[in-house]
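Novice: Starting off with a structure, shown below.
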Amino acid sequence: MNLSYKLPTTRLHLPSARADGGQASYKLKIGIVCYPSIGGSGIVATNLGVELAKLGHQIHFISYESPFLLEKRKNIHFHKVNINKYDLFKYPDYTLPLAVAIEAVQKKYKLDIVHVHYAVPHATAALLARRIMRTNNVPMPKIVTTLHGTDITLLARDKNLFEVIKYSIERSHGVTAVSESLKADTLKIIKPQRPIEVIYNFYSPAAITKSRHLIRKGLEIKDSDFLAIHLSNLRPVKRIPDLLKIVSLIPDSKFKLLILSGGDFTSFKPLVKKLGIANKIILKQSIKDIGNYINAADIGIYTSAEESFGMGILETLAYGKAVLATKAGGVPEVVNDGIDGILARVGDVKGFAKNLKMLMNNRRLLEQMGKAAKKSACEKFCSKKIVPQYVEYYKTILSEKK
Ligand code: GMT
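Start counting the sequence shown at 34; every next residue gets the next number (the numbering used here).
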């Protein structure tokens with residue numbers, strides 16, 4: 034028998050768990066693979082890593098750059114994926130260097146779990162990394178994949194990607210979806226031969242450090258103006274033209290819309306000009322202290338065609354502002370229609386404008402909805418409630434044989 038090559042075994046023990054099994058004593062080494070740029074999934078993955086680190090777990094982010102909002106802590110590490118360009122290849126590839134980076138981190142730190150956000154390319158790379166670990170006799174982590182929407186509602190419709198998405202989901206040791214709606218879409222579109230756990234996104238509002246008055250002064254608007262806010266990366270799925278059309282249906286000169294964007298607004302400028310609403314639109318890009326701006330606003334507006342969850346919506350609710358949003362995907366799981374927001378059909382700009390006018394004229398109701406928004410967001414989607422669900426899920430996955 035050749036003893037020099039020992040196949041790594043999948044661990045059945047719960048790493049570092051003490052007999053009391055309590056959350057506080059259960060320390061894991063967790064790799065987090067995510068897109069670091071602005072976007073709901075990056076925010077969720079970053080905040081999850083930070084919250085897990087606060088609980089004492091060792092966190093290793095693996096990505097092409099350090100996540101936008103990453104806090105410095107001694108148990109948070111960042112490992113950069115280096116991507117080289119070769120004239121030989123027309124398109125640079127990210128999946129292969131990511132797989133190599135995951136294997137290298139694993140070799141050094143012996144992670145228990147690699148939690149990837151997005152099936153492609155992240156779960157695909159993690160699964161490939163495990164194959165390399167097996168060959169290199171490196172102990173292998175379990176792979177947990179969180180689906181955020183785009184994998185399923187956009188990429189899986191591409192027949193050039195479908196099979197690799199399905200494979201990556203089916204071969205992960207655990208798969209979570211950020212809403213019941215996304216789980217249902219995944220079961221319908223992918224038909225995976227495996228269970229999917231719903232773990233909602235979470236958000237804990239930061240302290241307000243600048244007053245409403247100060248922020249409004251910086252935006253050059255009056256305290257008495259009615260300020261709506263929209264946060265997104267402006268992708269086509271957000272239906273920005275609908276948002277602008279709603280603005281054009283509000284003749285009140287006191288009405289303004291603040292867009293906190295993670296994307297380029299240039300392509301929408303001709304429509305702003307055509308609708309004659311340039312004096313009503315305020316743009317800000319790559320803002321970190323979003324809470325100060327939401328706090329200074331009166332309402333949020335979200336017109337997306339698809340939204341597996343709607344992080345911008347949750348952020349708005351969490352700072353105590355009601356939202357007007359589309360009845361799309363997981364949004365009805367986040368917004369309590371008629372209580373902390375009002376939902377309308379996708380594309381129903383007149384309906385949005387009508388709801389907006391009604392709330393502009395009924396500040397008492399708006400305030401009441403804002404209070405309900407904060408309560409619901411903080412009770413249902415706070416880190417205290419959601420992060421332990423991930424820890425429990427990791428425990429379950431680690432205790433499974435496969
Ligand atoms: O919506 C986007 O353009 C960004 C995308 C992302 O990857 O961050 O958002 C998706 O994941 C978020 C976090 O789970 C969800 O809140 C968004 O609803 C989801 N976007 C879509 O489903 C279109």
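Backbone N, C-alpha and C define an ideal beta-carbon position, used for all residues, glycine too.
What you are looking at is a predicted structure, and each value in this text was computed from that prediction instead of being measured.
Where are the alpha helix (DSSP H) runs, 4 residues long or more, that stay fully inside the segment 141-197, in chain order?
Specialist: Positions of the alpha helix (DSSP H) runs, each at least 4 residues long and wholly inside the segment 141-197, are given as 157-169, 183-186 in order along the chain.
Novice: Looking at the structure shown, is D370 part of a helix, part of a strand, or coil, going by DSSP?
Specialist: Residue numbering aside, residue 370 sits at position 337 when the sequence shown is read from its first letter. D370 carries a strand assignment under DSSP once its states are collapsed to helix, strand and coil.
Novice: Who are the near neighbours of I135 in its chain, counting only those whose CB is closer than 8 Å to its CB and skipping five residues on each side?
Specialist: What you label residue 135 is simply residue 102 of the sequence shown in a count that begins at 1. G64, V66, I95, V147, A158, A159, A162.
Novice: Flag T186 as yes when its Cβ comes closer than 8 Å to any non-hydrogen atom of the ligand GMT, and as no otherwise.
Specialist: Here residue 186 refers to the residue found at position 153 when the sequence shown is read from its first residue. Yes.
Novice: Using the Cα positions of D191 and V197, report the straight-line distance between them to the nearest angstrom.
Specialist: Indexing the sequence shown from 1 puts residue 191 at position 158. Indexing the sequence shown from 1 puts residue 197 at position 164. Near 11 Å, if we compare the C-alpha coordinates of V197 and D191.
Novice: For the beta strand (DSSP E) that contains A358, what are its first and last residues?
Specialist: Here the question's residue 358 lines up with position 325 in the sequence shown. 356-359 is the span of the beta strand (DSSP E), which, as asked, contains A358.
Novice: Counting C-beta neighbours from all protein chains within 10 Å, is the total for A377 16 or more, i.e. buried, or is it exposed?
Specialist: Numbered from 1 along the sequence shown, position 344 holds the residue referred to as residue 377. With 16 or more Cβ atoms within 10 Å of its Cβ, A377 is classed as buried.
Novice: I116: buried (16+ other C-beta within 10 angstroms of its C-beta) or exposed?
Specialist: Within the sequence shown, residue 116 is the residue found at index 83, counting from 1. With fewer than 16 other Cβ atoms within 10 Å, it is exposed.
Novice: Rounded to whole angstroms, what's the CA-CA distance from G380 to H112? Just pull it up for me.
Specialist: In the sequence shown, the residue the question calls residue 380 occupies position 347. In the sequence shown, the residue the question calls residue 112 occupies position 79. Whole-angstrom Cα-Cα distance: 42 Å.
Novice: If L304 sits next to L277, beta carbons under 8 Å apart, how far is it from one beta carbon to the other, in whole angstroms?
Specialist: For this step, residue 304 is matched to residue 271 along the sequence shown. For this step, residue 277 is matched to residue 244 along the sequence shown. Right, their Cβ atoms sit about 6 Å apart.
Novice: Thinking C-beta only, is Y151 closer than 9 Å to D184?
Specialist: What you label residue 184 is simply residue 151 of the sequence shown in a count that begins at 1. What you label residue 151 is simply residue 118 of the sequence shown in a count that begins at 1. Cβ distance < 9 Å, so D184 and Y151 count as in contact.
Novice: Let me check you understand the geometry: is the CB of S300 closer than 8 Å to at least one non-hydrogen atom of the ligand GMT?
Specialist: Taking the sequence shown and counting its residues from 1, the one referred to as residue 300 is at position 267. Every heavy atom of the ligand GMT is 8 Å or more from the Cβ of S300, so no.
Novice: Which residues mark the beginning and the end of the beta strand (DSSP E) in which V208 is found?
Specialist: If you number the sequence shown from 1, residue 208 lands on position 175. That run of the beta strand (DSSP E) goes 207-210.
Novice: Verify the contact flag: N80, CB atom, against every heavy atom of the ligand GMT, threshold strictly below 8 Å.
Specialist: For the purposes of this step, residue 80 is taken as the residue at position 47 of the sequence shown. Checking every heavy atom of the ligand GMT against the Cβ of N80, none is found closer than 8 Å.
Novice: Determine the DSSP secondary structure at K437, reduced to helix, strand or coil.
Specialist: Because the chain here runs from 34 to 435, residue 437 falls outside it and cannot be looked at.
Novice: At a cut of 8 Å, does the segment 216-225 reach the segment 257-271 through at least three beta carbon pairs?
Specialist: no
Novice: Can you tell me whether A52 is buried or exposed, with buried defined as 16 or more other CB within 10 angstroms of its CB?
Specialist: Sequence index remark: in the sequence shown, residue 52 carries index 19 (1-based). With a pLDDT of only 40 at A52, under 50, the local geometry of the prediction cannot be trusted, and the value read off the model is given with reservation. Burial call: exposed.
Novice: The ligand GMT and F342: does any heavy atom of the ligand fall closer than 8 Å to the residue's C-beta?
Specialist: In the sequence shown, counting from the first residue as 1, residue 342 sits at position 309. At least one heavy atom of the ligand GMT is nearer than 8 Å to the Cβ of F342, so yes.
Novice: Buried or exposed: which applies to N328, given that a residue is buried once 16 or more other Cβ atoms fall within 10 Å of its Cβ?
Specialist: The residue you call residue 328 lines up with position 295 of the sequence shown. The residue in question, N328, is buried, as its Cβ has 16 or more Cβ neighbours within 10 Å.
Novice: Can you tell me whether T42 is buried or exposed? The criterion is at least 16 other CB atoms within 10 Å of its CB, across all chains shown.
Specialist: Walking along the sequence shown from the start, residue 42 turns up at place 9. In this prediction, T42 has a pLDDT of 38, which is less than 50 and means its spatial position is unreliable; what the coordinates show is noted afterwards. Flag for T42 reads exposed.
Novice: Using the three-state DSSP reduction, which class does V379 fall into: helix, strand or coil?
Specialist: Residue numbering aside, residue 379 sits at position 346 when the sequence shown is read from its first letter. Here V379 sits in coil by DSSP.
Novice: Among G374, Y59, M393, which has the Cα closest to the Cα of A351?
Specialist: By 1-based counting over the sequence shown, the position of residue 351 is 318. Nearest of G374, Y59, M393 to A351, Cα basis: G374.
Novice: According to DSSP, is G73 helix, strand or coil?
Specialist: Here residue 73 refers to the residue found at position 40 of the sequence shown. Helix, per DSSP.
Novice: Apply the 10 Å Cβ neighbour rule to L431 and answer buried if 16 or more other Cβ atoms are within range, or exposed otherwise.
Specialist: The sequence position of residue 431 within the sequence shown is 398, counting from 1. Answer is buried; the Cβ neighbour count reaches 16.
Novice: Quick check: the Cα distance between F101 and G296, rounded to an integer number of angstroms?
Specialist: As a working note, residue 101 is residue 68 in the sequence shown. As a working note, residue 296 is residue 263 in the sequence shown. As the crow flies, the alpha-carbon of F101 is around 14 Å from that of G296.
Novice: How big is the Cα-Cα spacing for E348 and V368?
Specialist: Position 315 of the sequence shown, counting from 1, holds the residue named residue 348. Position 335 of the sequence shown, counting from 1, holds the residue named residue 368. Distance between the alpha carbons of E348 and V368 is about 12 Å.
Novice: Compare the C-alpha of V138 against each of L85, T299, R106, M173 and name the closest.
Specialist: Walking along the sequence shown from the start, residue 138 turns up at place 105. For V138, the closest alpha carbon among the candidates L85, T299, R106, M173 is that of M173.
Novice: Run the proximity test for G72: is its beta-carbon closer than 8 Å to any non-hydrogen atom belonging to the ligand GMT?
Specialist: Mapped onto the sequence shown, residue 72 falls at position 39. Within the cutoff, so yes.
Novice: For E136, does the three-state DSSP call read helix, strand or coil?
Specialist: Along the sequence shown, one-based indexing puts residue 136 at 103. Correct three-state label for E136: helix.
Novice: At 3 residues or longer, what runs of the beta strand (DSSP E) sit wholly inside the segment 282-321?
Specialist: Counting only runs of 3 or more residues that sit fully inside the segment 282-321, the beta strand (DSSP E) segments are 288-294, 314-318, in chain order.
Novice: Following a CB-centred definition, is E84 positioned closer than 8 Å to any heavy atom of the ligand GMT?
Specialist: Mapped onto the sequence shown, residue 84 falls at position 51. No, the beta carbon of E84 sits no closer than 8 Å to any heavy atom of the ligand GMT.
Novice: With a CB to CB cut of under 8 Å and the five nearest residues on each side skipped, what residues in its chain are close to Y124?
Specialist: Here the question's residue 124 lines up with position 91 in the sequence shown. Counting only Cβ-Cβ distances below 8 Å, and skipping sequence neighbours, we find nothing.
Novice: Taking 9 Å as the cut-off, decide whether the C-beta atoms of V364 and E400 are in contact.
Specialist: Taking the first residue of the sequence shown as position 1, residue 364 is located at position 331. Taking the first residue of the sequence shown as position 1, residue 400 is located at position 367. Contact flag unset, no.
Novice: Per DSSP, what are the beta-bridge partners of Y335 in this structure?
Specialist: Along the sequence shown, one-based indexing puts residue 335 at 302. Note: Y335 sits in a beta bridge opposite A358.
Novice: With distances taken Cα to Cα, identify the nearest neighbour of A132 among D145, R164, N108.
Specialist: Stepping through the sequence shown from its first residue, residue 132 is reached at position 99. Of all alpha-carbon atoms in D145, R164, N108, the one lying nearest the alpha-carbon of A132 is that of R164.
Novice: Taking the C-alpha atoms as reference points, what is the distance between S416 and T79?
Specialist: Working through the sequence shown from its first residue, we reach residue 416 at position 383. Working through the sequence shown from its first residue, we reach residue 79 at position 46. So the alpha carbons of these two residues sit roughly 12 Å apart.
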